[in-house]
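Residue numbering for the sequence shown follows the working numbering, beginning at 120 and increasing consecutively. Structure first, then comments.
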Amino acid sequence: MSSKYLRDSSYIDGKWFNSKSNRYFDVLNPATGTILSRVNDIEPTDVELAIQAAERAFPSWSKMTSKERASIMRRFYELIIENADELAAILTQEQGKPLSEAKTEIIYGASFIEWFSEEGKRLYGDIIPSPIANSKIIVEKSPVGVCAFITPWNFPSAMITRKIGAAMAAGCTCVVKPAHETPLSALALAALAEEAGVPKGVLNIVTGTDSHNIGRVLCDSETVRKVSFTGSTDVGKILYRQCAATVKKISLELGGNAPFIVFPDADLDAAVSGAIICKYRNAGQTCVCANRFYIHEDVYDKFASKLADKVRKLKVGDGLDKGVDIGPLITPDALEKVRSHINDALGQGAKLIEGGDTHDLGGSYFKPTILGNAMEGMLIAKEETFGPVAPLFKFKDIDDVLRQANNTQFGLAAYFYAKDLALINKVYNGLEYGMVAVNTPILSTEVAPFGGVKESGIGREGSKYGLDDFIELKYVLLGGLE
Ligand code: NAP
Numbered sequence: 120m121s122s123k124y125l126r127d128s129s130y131i132d133g134k135w136f137n138s139k140s141n142r143y144f145d146v147l148n149p150a151t152g153t154i155l156s157r158v159n160d161i162e163p164t165d166v167e168l169a170i171q172a173a174e175r176a177f178p179s180w181s182k183m184t185s186k187e188r189a190s191i192m193r194r195f196y197e198l199i200i201e202n203a204d205e206l207a208a209i210l211t212q213e214q215g216k217p218l219s220e221a222k223t224e225i226i227y228g229a230s231f232i233e234w235f236s237e238e239g240k241r242l243y244g245d246i247i248p249s250p251i252a253n254s255k256i257i258v259e260k261s262p263v264g265v266c267a268f269i270t271p272w273n274f275p276s277a278m279i280t281r282k283i284g285a286a287m288a289a290g291c292t293c294v295v296k297p298a299h300e301t302p303l304s305a306l307a308l309a310a311l312a313e314e315a316g317v318p319k320g321v322l323n324i325v326t327g328t329d330s331h332n333i334g335r336v337l338c339d340s341e342t343v344r345k346v347s348f349t350g351s352t353d354v355g356k357i358l359y360r361q362c363a364a365t366v367k368k369i370s371l372e373l374g375g376n377a378p379f380i381v382f383p384d385a386d387l388d389a390a391v392s393g394a395i396i397c398k399y400r401n402a403g404q405t406c407v408c409a410n411r412f413y414i415h416e417d418v419y420d421k422f423a424s425k426l427a428d429k430v431r432k433l434k435v436g437d438g439l440d441k442g443v444d445i446g447p448l449i450t451p452d453a454l455e456k457v458r459s460h461i462n463d464a465l466g467q468g469a470k471l472i473e474g475g476d477t478h479d480l481g482g483s484y485f486k487p488t489i490l491g492n493a494m495e496g497m498l499i500a501k502e503e504t505f506g507p508v509a510p511l512f513k514f515k516d517i518d519d520v521l522r523q524a525n526n527t528q529f530g531l532a533a534y535f536y537a538k539d540l541a542l543i544n545k546v547y548n549g550l551e552y553g554m555v556a557v558n559t560p561i562l563s564t565e566v567a568p569f570g571g572v573k574e575s576g577i578g579r580e581g582s583k584y585g586l587d588d589f590i591e592l593k594y595v596l597l598g599g600l601e
């Protein structure tokens, strides 16, 4: 693979950094199994250098005017957009998603840098009428300080920009640890930040495979004041515990188990098209992917047959090839999880409607799958499958479908299709989720708060609420005023 934005080492204090141990790890192309690149494997102790660089950069970055920060971030945004094709090619090769999806991710990711660069200018404080004579209450917003970010492989670019956009706009400095499967998109962002004039130390990227110990250094540090993590609920819980020792602020964007409900009055064609996007993009490896489809009994057969017609036409292949809809799963382990969920469901009486097995292309390619007769006790109802499998559950009663939809430890995104306004109102009020999409399959945008309830996480990303996670409120009581 060639690109002027390919890098093979960490980026610390404005320099490309290799740990002395000189160990490297392979970055594989999941479409072919071939080695794309070998990237320096940072020693966890060297992560301290990145924290120190961010600490040194903090005073000047945080004291810059928001307008000055905004103009640097604007340049960063423009460079990402100018190089979107090149960045998308890197992303597809290390992650596997089709090129058009990768480009959508790059543009979506860039939107956070753009939006927060503007919103950073509006970090207004408050003057509160004081109940104490001759005094004034002032509330100011100041940046949290050095922030650490740990990000997953399924959105290797956008999960970084969604965090650093808000942090940088608020005046914080950053240390990012991307997933070891997909470090190249992260390093390409660092190269672009450098070109855009982001001052040294403001954005540091550490690449390594010892994620447990890298995480420990970040969580144990007294300098790091905030950790923001996107990834699995299990790892999120570890980090939450580790951050307790230094009472850090924490944001957790964790797993989902999204319900997708189709009511009898829904526009069925729109629901089927929505289901395809909501379930099969990124081969089903999206935290907000529909995981459970609840279809009203009056439209169940029709929905299943229309969905199967569309799924049969989805083209599986290397994301770089034209016309491909579904790329490979990230690793053979991911494929085994998908297979185990299908086998468990079939063993408990589910019916195979489409797909159900590995694809003839081999490797970690899996056929887009539909299961009928899905039931509550199955693994597929309880856990995030993170693969291209749509289990269909038949329902009769609104209260019962709401109970089933909420019967999960997760609460990230939920979707439903219906026309009746009173029904829509009842259902979105009844869904215990951080995000609800009605009659549409995609809800992520930089202007709206992204995040979950229950074990799907803490905090919100994007929107004015996302900025709140990177500021501290300082209350000043000015007394003795005449
Ligand atoms: P993961 O295993 O939790 O990994 C995520 C990140 O955590 C990676 O950078 C990983 O590094 C690192 N990590 C793993 N173990 C760690 C530890 N003990 N201490 C510190 N860091 C550690 O999750 P994944 O399998 O990559 O990602 C899929 C999950 O992310 C899904 O559950 C999905 O729902 C969730 N997700 C959530 C959102 C959201 O916004 N809510 C968005 C996207 C994805 P290494 O890879 O180098 O080990």
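Don't be surprised by glycine CBs; every beta carbon is placed ideally from N, CA and C.
In the DSSP assignment, the alpha helix (DSSP H) including residue i goes from what residue to what residue?
i	result
Asn253	Run containing Asn253: none; DSSP gives neither H nor E here.
Glu187	185-201
Thr223	218-238
Glu584	Before going on, a small fix: residue 584 reads as Tyr here, not Glu. 582-587 is the extent of the alpha helix (DSSP H) around Tyr584.
Val520	517-525
Leu596	Unbroken run through Leu596 is the beta strand (DSSP E), 590-597; no alpha helix (DSSP H).
Val457	451-466
Ala469	First-last for Ala469: undefined, no H or E at that position.
Leu242	Unbroken run through Leu242: none, as it is neither H nor E.
Lys501	498-501
At the level of alpha carbons, what is the spacing between residue i and residue j?
i	j	result
Thr292	Ser370	16 Å
Tyr124	Leu198	11 Å
Gly482	Ile461	18 Å
Cys362	Lys425	48 Å
Phe71	Lys429	The chain is shown only over 120 to 601; residue 71 falls outside these bounds and no answer can be derived.
Tyr547	Val555	7 Å
Asn525	Ile246	41 Å
Pro378	Ala207	30 Å
Gly605	Lys501	Lying outside 120 to 601, the shown extent of the chain, residue 605 is not represented and no answer is given.
Ile191	Ile251	42 Å
Asn376	Ala285	26 Å
Tyr594	Glu259	6 Å
Gly466	Leu586	47 Å
Val557	Val158	43 Å
Lys182	Met120	40 Å
Arg431	Pro487	8 Å
Val166	Leu322	13 Å
Gly355	Val508	25 Å
Lys513	Gly468	13 Å
Leu511	Ser304	35 Å
Gly403	Lys345	30 Å
Leu324	Val317	Per the sequence shown, residue 324 should be read as Ile rather than Leu. The straight-line gap from Cα to Cα measures roughly 13 Å.
Glu267	Ala493	Residue identity differs from the one stated: residue 267 is Ala in this sequence, not Glu. In a straight line, the C-alpha of Ala267 is about 40 Å away from that of Ala493.
Gly327	Asp518	48 Å
Ala150	Asp440	10 Å
Thr164	Phe274	27 Å
Leu210	Gly570	24 Å
Which term fits residue i, buried or exposed, when burial requires 16 or more other beta carbons within 10 angstroms of its beta carbon?
i	result
Arg411	buried
Asp353	exposed
Thr405	buried
Pro560	buried
Ser91	Here the chain has residues from 120 to 601 only, and residue 91 is not among them.
Ser254	exposed
Lys515	exposed
Leu600	exposed
Tyr534	buried
Gln528	exposed
Ala445	For clarity, residue 445 is Ile in the given sequence; the question names Ala instead. Classification for Ile445: buried.
Ala541	exposed
Glu341	exposed
Leu596	exposed
Asp437	buried
Arg360	exposed
Pro248	exposed
Tyr243	exposed
Ile225	buried
Which residue marks the beginning of the beta strand (DSSP E) containing residue i, and which one marks its end?
i	result
Pro510	508-514
Asp245	245-247
Leu480	Unbroken run through Leu480: none, as it is neither H nor E.
Leu490	488-491
Phe268	265-269
Subject >> Runs of alpha helix (DSSP H) wholly within the region 132-183 (minimum 4 residues, chain order) >> reply: Fully enclosed alpha helix (DSSP H) runs of no fewer than 4 residues occupy 166-182 of the region 132-183, in order along the chain.
Original post:
What are the uninterrupted segments assigned as beta strand (DSSP E) that are 3 or more residues long and contained completely in the region 363-447, given in chain order?
Top reply: Within the region 363-447, the complete beta strand (DSSP E) runs of at least 3 residues are 368-372, 377-381, 409-415.
Subject >> Runs of beta strand (DSSP E) lying entirely within the region 277-346, each at least 3 residues, in chain order >> reply: Listed in chain order, the beta strand (DSSP E) elements of length 3 or more contained wholly in the region 277-346 are 292-296, 322-324.
Original post:
Which ranges does the beta strand (DSSP E) cover as unbroken runs of at least 3 residues, wholly within the region 529-578, from first to last along the chain?
Top reply: If we require 3 residues or more, the beta strand (DSSP E) runs fully inside the region 529-578 come out as 532-536, 554-557.
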